[in-house]
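Notes to accompany the following structure.
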Amino acid sequence: MNAPTILGTHAPVLGRAADFPILSRPVQGRRLVYLDNGATTQKPIQVIEAERQFYEQSNANIHRGVHWLSQHATDLYEQGRERVRSLLNAARHEEIVFTRGTTEAINLVAFSWGLSALKQGDEIILTGMEHHSNIVPWQLLCERTGAVLRVVPVTDSGELDMDSYRALLGSRTRLVGVTHISNALGTINPVAEMIRLAHEVGAKVLVDGAQAVAHEVVDVQALDCDFYAFSGHKLYGPTGIGALYARYDILKDMQPWQGGGDMIHTVSFERSTYADVPQRFEAGTPNIAGVVGLDAAIRYVQEIGLDVIAAYEQSLLSIATAQLEQLPGIRLIGTAAHKAGILSFVVDGIHPHDLGTILDMEGVAIRAGHHCAMPLMTRFGIPGTARASFALYNTQEDIDALIAGLRKAQKLFGTGPQDD
Ligand code: PMP
Numbered sequence: 002m003n004a005p006t007i008l009g010t011h012a013p014v015l016g017r018a019a020d021f022p023i024l025s026r027p028v029q030g031r032r033l034v035y036l037d038n039g040a041t042t043q044k045p046i047q048v049i050e051a052e053r054q055f056y057e058q059s060n061a062n063i064h065r066g067v068h069w070l071s072q073h074a075t076d077l078y079e080q081g082r083e084r085v086r087s088l089l090n091a092a093r094h095e096e097i098v099f100t101r102g103t104t105e106a107i108n109l110v111a112f113s114w115g116l117s118a119l120k121q122g123d124e125i126i127l128t129g130m131e132h133h134s135n136i137v138p139w140q141l142l143c144e145r146t147g148a149v150l151r152v153v154p155v156t157d158s159g160e161l162d163m164d165s166y167r168a169l170l171g172s173r174t175r176l177v178g179v180t181h182i183s184n185a186l187g188t189i190n191p192v193a194e195m196i197r198l199a200h201e202v203g204a205k206v207l208v209d210g211a212q213a214v215a216h217e218v219v220d221v222q223a224l225d226c227d228f229y230a231f232s233g234h235k236l237y238g239p240t241g242i243g244a245l246y247a248r249y250d251i252l253k254d255m256q257p258w259q260g261g262g263d264m265i266h267t268v269s270f271e272r273s274t275y276a277d278v279p280q281r282f283e284a285g286t287p288n289i290a291g292v293v294g295l296d297a298a299i300r301y302v303q304e305i306g307l308d309v310i311a312a313y314e315q316s317l318l319s320i321a322t323a324q325l326e327q328l329p330g331i332r333l334i335g336t337a338a339h340k341a342g343i344l345s346f347v348v349d350g351i352h353p354h355d356l357g358t359i360l361d362m363e364g365v366a367i368r369a370g371h372h373c374a375m376p377l378m379t380r381f382g383i384p385g386t387a388r389a390s391f392a393l394y395n396t397q398e399d400i401d402a403l404i405a406g407l408r409k410a411q412k413l414f415g416t417g418p419q420d421d
C-alpha cells in the first residue's frame with residue numbers, strides 16, 4: 002500500500018495523458034509507462050494536428066514567394082519565433098535563431114562567435130556534468146583556436162563545486178558553458194549566480210537549456226545569460242527543431258557559420274553580403290512544419306502553466322524518491338538539494354542495461370547508460386545508471402509500476418527481498 006499522496010491537488014495537470022495518443026498504445030502487451038522523457042517527450046494531439054494542418058492547408062516555402070501561401074507560411078514561421086521569444090522572455094524576436102536543436106545551437110555559438118572571439122591561451126569553463134553536446138563543440142573549437150578547457154568539479158551529491166568555479170574564473174575566461182538542469186543527475190544548477198560571477202570577469206555564458214524549458218519557467222532576461230539553447234522534442238514538440246537565444250548586441254556582430262539561400266543580402270562571385278539577424282543564421286529552407294509544431298507545443302505548456310507543471314513534477318519526484326529509497330540495494334546518483342524530475346540510480350548486482358530490459362518487459366520505458374555524459378559517469382566510477390525522468394503526463398501509477406518492476410528485477414537476480 003502506498004502512503005496517501007498530494008498528487009490530487011494538481012488538477013490542471015492531471016488527466017493530460019489523454020492528450021497524448023501514444024500513451025494509450027500497449028507496449029510488450031502492457032500499458033506503456035513512459036519514463037524516458039529526458040531523452041524525448043511524447044507529443045500531444047495538439048502538436049500532431051498542428052503539423053498535419055500545416056501540410057494540409059499552409060505548406061509553401063517561406064521568405065521568398067510573392068504568392069499568398071508563401072506569405073501565410075512565413076507568417077506562421079515568424080509567429081513561431083515570437084512564441085519562442087515569449088517562452089524564454091527574450092527582449093526581441095530577432096534574438097531567436099531556429100536550429101535543429103540544442104546540439105546545433107551550441108555548435109552555432111562555437112563556430113560563429115567562438116571562432117572569431119577566441120585565441121591561443123583563452124579559457125572556456127565547462128562543468129563536470131555537461132552533456133557531450135556541450136563538451137565536444139568546445140573541444141573542436143579549442144583545437145582550431147588554441148583555447149583551453151577548464152572544468153568545474155561535481156560533488157558527491159551531484160552539485161557543482163562553486164568554490165572551484167569561483168577559483169577557475171579569471172581574466173583568461175572567455176566563455177562559461179553550463180547545463181541548466183543535468184540530464185544525468187537532475188541537478189538544477191545555480192545558473193543566475195554563475196552568470197553574475199562570469200560577467201564580473203567579462204566572460205560570456207551559454208546555458209544548455211535542453212532539460213529545463215519543459216520543466217520550469219525560464220526567463221533569459223532575469224538570468225542575464227548571453228546564449229540559451231534548447232530542443233523542441235524535449236518540450237512536447239517535434240524532433241529536428243529547436244532554438245538558440247542570443248543577446249542581440251552579441252548576435253548582430255556574429256559572422257555566419259553556414260552559407261546558402263535566405264541568409265544573404267546580396268551575392269556576387271566577388272563577394273556576398275549577409276542578411277540581418279536572425280536570418281543570417283538560418284541558411285537554406287528551415288524546418289517550417291517543425292516551427293509550427295513547436296509553436297503548438299509551447300502554447301500547450303503555456304496554457305497549463307510551466308509553474309504548475311514544475312510543481313506537479315516536484316511532487317512526482319519526491320514521491321518516487323521516497324519509494325526508491327525504501328528499496329534495498331539501490332543507490333541514487335544525484336541527490337542535490339535542487340533537483341528536477343530525474344532519478345538516476347544504480348542497483349547492486351544488476352547492470353543498468355539488464356534493469357532497462359526487465360522493466361521494458363513490464364511496459365516501463367526508462368533509459369540505461371551513460372546519458373551522453375561519460376565524464377560524469379567516470380567521476381562517479383560507474384559505467385552508467387538507470388534513469389527515470391518525468392513529464393507532465395506521468396502519474397502515481399507510473400511510479401508504482403516502476404517500483405514494482407524494480408522489485409521484480411531484484412527478485413529475478415536474487416538480489417532483493419525474496420519473500421514479497
Ligand atoms: N544537453 C542536454 C542536457 C541534453 O539532455 C540533451 C539531450 N539529451 C542535449 C543537450 C542534446 O539535445 P539534442 O540531441 O536535442 O540536440
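The working numbering puts the first residue of the sequence shown at 2, with every later residue one more than the last.
Note that the Cβ used here is the ideal one computed from N, Cα and C, for glycine as well.
Comparing C-alpha positions only, which one of the options sits nearest to residue i?
| i | options | result |
| --- | --- | --- |
| Q303 | R167, Y237 and T180 | Y237 |
| R281 | M378, G262, L15 and D296 | G262 |
| H181 | A199, D296 and A211 | A211 |
| T386 | G370, D401, E398 and M375 | G370 |
| M375 | W114, E124 and T128 | T128 |
| A61 | A290, I343, V98 and I49 | A290 |
| S158 | T146, Q397, V293 and F346 | F346 |
| P27 | R408, F414 and M362 | M362 |
| A106 | D227, P22 and R17 | D227 |
| Y249 | S172, K235, Q80 and E95 | E95 |
| D164 | V153, T174 and G171 | V153 |
| P45 | T104, A19, G178 and I63 | A19 |
| D225 | I242, G241 and H200 | H200 |
| L170 | K205, P138, R82 and C373 | K205 |
| D355 | D123, L413 and F231 | L413 |
| D162 | M195, R173, L176 and R175 | M195 |
| Y246 | V149, V67, R408 and A92 | A92 |
Verify whether the separation of the beta carbon atoms of residue i and residue j is less than 8 Å.
| i | j | result |
| --- | --- | --- |
| L33 | A321 | no |
| V155 | R380 | yes |
| L142 | G335 | no |
| A215 | T42 | yes |
| T188 | E160 | yes |
| A51 | A244 | no |
| H132 | D209 | yes |
| L307 | L325 | no |
| S390 | N38 | yes |
| R84 | I299 | yes |
| F112 | W258 | yes |
| G102 | H234 | yes |
| V14 | Y275 | no |
| I251 | W114 | yes |
| V1 | Y78 | Outside the shown range of the chain (2 to 421) lies residue 1, about which nothing can therefore be said. |
| G417 | P329 | yes |
| L317 | G342 | yes |
| A213 | V219 | yes |
| R17 | L393 | yes |
Please tell me whether, using a cut-off of 7 Å, the distance from the CB of residue i to the nearest non-hydrogen atom of ligand 1 is below it.
| i | result |
| --- | --- |
| S134 | yes |
| Q121 | no |
| H234 | yes |
| Q397 | no |
| C373 | yes |
| A311 | no |
| T180 | yes |
| Q43 | no |
| A366 | no |
| A369 | no |
| G475 | With the chain running from 2 to 421 in the structure shown, residue 475 is simply not present. |
| A40 | yes |
| N184 | yes |
| G417 | no |
| G115 | no |
| G1 | Outside the displayed span of the chain (2 to 421) sits residue 1, for which this structure offers no information. |
| Q212 | yes |
| G294 | no |
| G102 | yes |
| G159 | no |
Residues bridged to residue i by DSSP?
| i | result |
| --- | --- |
| D424 | In the structure displayed, the chain extends from 2 to 421; residue 424 sits before or after that span and is not available. |
| E124 | V149 and T174 |
| S345 | R388 |
| F99 | A244 |
| Y237 | BP columns for Y237 are empty, so no partner. |
| A366 | Y35 |
| T274 | T267 |
Check whether the Cβ of residue i lies closer than 7 Å to any heavy atom of ligand 2, and answer yes or no.
| i | result |
| --- | --- |
| D209 | Questions concerning ligand 2 fall outside what the structure shown contains, since the ligands it does hold are ligand 1. |
Runs of beta strand (DSSP E) wholly within the segment 306-335 (minimum 3 residues, chain order): Restricted to the segment 306-335, the beta strand (DSSP E) segments that are unbroken, complete and at least 3 residues in length are 331-333, listed in chain order.
To test your reading of the DSSP string, which unbroken alpha helix (DSSP H) runs of 4 or more residues are found completely within the segment 43-82? Counting only runs of at least 4 residues, the segment 43-82 fully encloses the following alpha helix (DSSP H) elements, listed from N- to C-terminal order: 46-54.
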